[in-house]
Amino acid sequence: MVNKDLIPKYWYNIIPDLPKPLPPPRDPPDAEFSRIELLKKILPREVLRQQFTIERFIKIPEEVRDRYAIIGRPTPLMRAKRLEEYLDTPAKIYFKFEGATPTGSHKINTAIPQAYFAAEEGISHVVTETGAGQWGTAVALAASMYDLSSTIFMVRVSYEQKPMRKTIMELYGGKVYASPTDLTEFGRKILKENPNHPGSLGIAMSEAIEFALNHNFRYLVGSVLDVVLLHQSIIGMEAIAQLDELGEEPDILIGCVGGGSNFGGFTYPFIGAKKGKKYIAVGAAEIPKFSTGKYEYDYPDTAGLLPLVKMITLGKDYVPPPIYAGGLRYHGVAPTLSLLIKEKIVEWREYKEEEIYEAAKIFMKTQGIVPAPESAHAIKAVIDEALKAKTEKERRVIVFNLSGHGLLDLGNYESIRRRVEK
Numbered sequence: 030m031v032n033k034d035l036i037p038k039y040w041y042n043i044i045p046d047l048p049k050p051l052p053p054p055r056d057p058p059d060a061e062f063s064r065i066e067l068l069k070k071i072l073p074r075e076v077l078r079q080q081f082t083i084e085r086f087i088k089i090p091e092e093v094r095d096r097y098a099i100i101g102r103p104t105p106l107m108r109a110k111r112l113e114e115y116l117d118t119p120a121k122i123y124f125k126f127e128g129a130t131p132t133g134s135h136k137i138n139t140a141i142p143q144a145y146f147a148a149e150e151g152i153s154h155v156v157t158e159t160g161a162g163q164w165g166t167a168v169a170l171a172a173s174m175y176d177l178s179s180t181i182f183m184v185r186v187s188y189e190q191k192p193m194r195k196t197i198m199e200l201y202g203g204k205v206y207a208s209p210t211d212l213t214e215f216g217r218k219i220l221k222e223n224p225n226h227p228g229s230l231g232i233a234m235s236e237a238i239e240f241a242l243n244h245n246f247r248y249l250v251g252s253v254l255d256v257v258l259l260h261q262s263i264i265g266m267e268a269i270a271q272l273d274e275l276g277e278e279p280d281i282l283i284g285c286v287g288g289g290s291n292f293g294g295f296t297y298p299f300i301g302a303k304k305g306k307k308y309i310a311v312g313a314a315e316i317p318k319f320s321t322g323k324y325e326y327d328y329p330d331t332a333g334l335l336p337l338v339k340m341i342t343l344g345k346d347y348v349p350p351p352i353y354a355g356g357l358r359y360h361g362v363a364p365t366l367s368l369l370i371k372e373k374i375v376e377w378r379e380y381k382e383e384e385i386y387e388a389a390k391i392f393m394k395t396q397g398i399v400p401a402p403e404s405a406h407a408i409k410a411v412i413d414e415a416l417k418a419k420t421e422k423e424r425r426v427i428v429f430n431l432s433g434h435g436l437l438d439l440g441n442y443e444s445i446r447r448r449v450e451k
């Protein structure tokens with residue numbers, strides 16, 4: 030039985046605690062229409078209000094906390110005792126297990142409030158995009174909780190790699206399409222240029238927004254924007270309380286990064302509370318935005334329908350290779366996280382497929398949990414930091430966010446295994 034009293038009553042917003050003001054979103058020069066004004070037609074009103082709030086704490090509606098309880102919040106904070114023993118490290122390793130939710134990842138934490146705010150506004154249909162399928166699954170479930178219809182544009186390469194994600198979304202009531210599609214003008218344009226286009230998160234995002242505008246539906250956003258990281262702060266708020274109960278003070282906090290929502294949601298409450306000495310954001314070496322991306326104004330979506338935001342980016346037209354971790358195939362980094370990296374408050378790492386595969390196998394064998402390939406990037410960084418603690422003979426407390434399980438990623442793991450172990 031979930032004790033609702035253990036679920037935080039507030040989300041945390043890092044905006045007022047950033048080391049310098051966040052560069053504001055803006056319209057492109059000589060724009061034929063205002064992207065900022067367009068947001069009013071795209072997002073539910075309360076979601077838009079929260080996107081631009083500078084309040085440090087936002088009260089979580091009781092109806093949302095009720096739904097959080099239904100999906101198993103607070104999620105468990107677990108100690109990776111056997112991993113510690115395997116590595117023979119003096120470090121203590123804890124992980125927040127977001128894979129314990131019904132949809133198997135952290136994404137449901139923002140899907141529920143966004144669907145709630147849409148329903149409160151009288152909206153009947155919501156639209157979104159999804160990369161690896163975790164976000165789309167969360168939207169399909171959250172929409173069904175509030176009797177909303179949902180349409181999901183899924184990046185084509187993930188649609189083909191992970192057919193069971195499509196099945197789950199459809200079982201929840203969602204309509205799922207492989208992006209790029211012929212349902213939108215932008216999708217048709219991409220397909221005309223390349224009928225076999227693998228798709229990208231930026232393209233799927235543009236299709237979802239265009240589709241929502243054409244039908245007067247509302248768009249739910251899965252990462253990057255401030256409001257998403259705000260909702261995801263439920264992870265870090267819970268983790269702080271759980272560590273306090275154990276009498277532990279974290280030294281190192283780690284999470285993987287696609288757009289930045291699970292990393293920000295996990296670490297931002299710690300950064301705001303000045304808990305922890307090191308924060309490590311981990312990406313895929315095959316999508317080298319940390320190492321080669323530029324910190325500049327860019328569009329979050331490929332068609333340029335959303336306002337320009339200042340972020341670390343590989344460019345809106347960048348088409349990521351069809352790698353094993355679809356959730357990391359995004360061209361940019363959340364503006365707040367980009368700023369924290371530029372100010373050297375957050376460190377970064379990038380790992381290759383072979384490295385994360387070995388890390389995932391170690392975690393499976395020691396802890397019994399199959400991590401999502403995205404989350405395996407965080408595990409690789411945890412292993413490196415634990416071995417460093419061993420070399421330096423220092424007792425450190427390492428905490429990471431296991432953002433999702435990989436039970437629907439076994440096809441990807443099998444393809445990695447064929448490549449790596451041939």
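Here my numbering is used: the first residue of the sequence shown is 30, the next is one more, and so on. Ideal Cβ placement from N, Cα and C applies to all residues, glycine included.
Which value, in whole angstroms, describes the spacing of the CA atoms of Glu127 and Lys373?
In a straight line, the C-alpha of Glu127 is about 27 angstroms away from that of Lys373.
Taking C-alpha atoms, which residue in Ser229, Ala314 and Ile283 lies nearest to Glu26?
Look at the range of the chain in this structure, 30 to 451, and you will see that residue 26 is not part of it.
Sorted by chain position, which residues of the same chain lie with C-beta nearer than 7 angstroms to Ile423's C-beta, five sequence neighbours on each side aside?
The residue you asked about is not Ile; residue 423 is Glu in the sequence shown. Excluding sequence neighbours, Glu423 sits near Pro119.
With a cut-off of 8 angstroms on the beta carbons, I'd call Arg85 and Asn42 a contact; round off their distance for me.
With 8 angstroms as the limit, Arg85 and Asn42 qualify as a contact, their Cβ atoms being about 6 angstroms apart.
Pop quiz: Ile269 and Lys304 are said to be a contact at Cβ under 8 angstroms. What is the actual Cβ separation, rounded to whole angstroms?
The pair is a contact, with the Cβ atoms about 7 angstroms apart (cut-off 8 angstroms).
Shorter than 8 angstroms from the beta carbon of His226 to some beta carbon of chain B?
Any reference to chain B falls outside this structure, which holds one protein chain only.
Minimum length 3: unbroken beta strand (DSSP E) runs contained in the region 345 to 399
As far as the region 345 to 399 is concerned, its whole beta strand (DSSP E) runs of at least 3 residues are 376 to 380.
Would you list, in sequence order, the uninterrupted beta strand (DSSP E) runs of no fewer than 3 residues that lie entirely inside the region 34 to 85?
As far as the region 34 to 85 is concerned, its whole beta strand (DSSP E) runs of at least 3 residues are 39 to 41.
Going by alpha carbons, who is nearest to Leu116 out of Phe392, Val428 and Tyr97?
The closest CA to that of Leu116, considering only Phe392, Val428 and Tyr97, is found on Phe392.
Take the Cβ of Lys88 as the centre, count every other Cβ of all protein chains shown within 10 Å, and call the residue buried at 16 or more, exposed below.
With fewer than 16 other Cβ atoms within 10 Å, it is exposed.
Name the DSSP bridge partner or partners of Gly312?
When beta bridges are read from the DSSP output, Gly312 appears opposite Glu379.
I'd like to know whether the C-beta atoms of Leu337 and Tyr326 end up nearer to each other than 8 angstroms.
Against a cut-off of 8 angstroms, the Cβ pair of Tyr326 and Leu337 comes out as a contact.
Which one of Lys33, Leu368 and Ile283 has the shortest CA to CA distance from Glu403?
Comparing Cα-Cα distances from Glu403 to each of Lys33, Leu368 and Ile283, the minimum goes to Ile283.
One or two residues paired with Met340 in a DSSP bridge:
Paired residues: Glu325.
For the structure I just gave you, are there three or more beta carbon pairs, one from the region 159 to 174 and one from the region 246 to 261, closer than 8 angstroms?
When C-beta atoms of the region 159 to 174 are compared with those of the region 246 to 261, three or more pairs fall below 8 angstroms, so the two segments count as touching.
In the DSSP output, which residue or residues are listed as bridge partners for Ser134?
DSSP, once it has assigned bridges, lists Gly433 as partnering Ser134.
Based on Cα-Cα distance, which residue from Glu379, Ile238, Gly312 and Glu149 lies nearest to Gly216?
Selected option, being the one with the closest Cα: Ile238.
Quick one: what's got a C-beta closer than 6 angstroms to Gln271's C-beta in the same chain, skipping five residues either side?
Closer than 6 angstroms at Cβ, skipping near neighbours: Leu106.
In its own chain, which residues sit with a C-beta less than 6 angstroms from the C-beta of Arg94, not counting the 5 before and 5 after it?
Taking Arg94 as the centre and dropping the five residues before and after it, the same chain places the C-beta of Ile36 closer than 6 angstroms to its C-beta, in chain order.
Whole-number beta carbon distance between Ala389 and Pro400, since they are thought to touch under 8 angstroms
Sure, about 6 angstroms apart at Cβ, within 8 angstroms.
Restricting to Cα atoms, I'd like to know which of Tyr145, Glu267, Tyr347 and Thr296 is closest to Asp34.
Cα-wise, what sits closest to Asp34 is Glu267.
So, is Glu158 buried or exposed, given that buried needs 16 or more other C-beta atoms within 10 angstroms?
So Glu158 ends up on the buried side.
Ser290: buried (16+ other C-beta within 10 angstroms of its C-beta) or exposed?
Ser290 should be labelled buried.
Write down the C-beta distance between Gln260 and Asn138 rounded to the nearest angstrom, noting that I regard them as a contact closer than 8 angstroms.
For the record, residue 260 in the displayed sequence is His; it is not Gln. Confirmed, Cβ separation roughly 6 angstroms.
Return the CA-CA distance between Thr296 and Leu258, expressed in angstroms with no decimal places.
Their backbone Cα atoms lie some 10 angstroms apart in a straight line.
Distance, Thr420 Cα to Arg447 Cα:
So the alpha carbons of these two residues sit roughly 33 angstroms apart.
Might you give, ordered along the chain, the residues of its own chain that have their beta carbon closer than 6 angstroms to the beta carbon of Pro350, omitting 5 neighbours on each side?
Only Glu315 meet the Cβ criterion.
For His260, three-class secondary structure by DSSP
Helix, per DSSP.
From the DSSP output, in three-state form, read off Thr296 for me.
Note: Thr296 maps to helix in three-state DSSP.
Rounded separation between Leu456 and Ile370 - CA only
Any question about residue 456 goes unanswered here, given that the chain covers just 30 to 451.
Since Leu437 contacts Gly133 with CB under 8 angstroms, what's their CB separation in whole angstroms?
A Cβ-Cβ distance of about 7 angstroms is found for the pair Leu437 and Gly133, placing them in contact under the 8 angstroms criterion.
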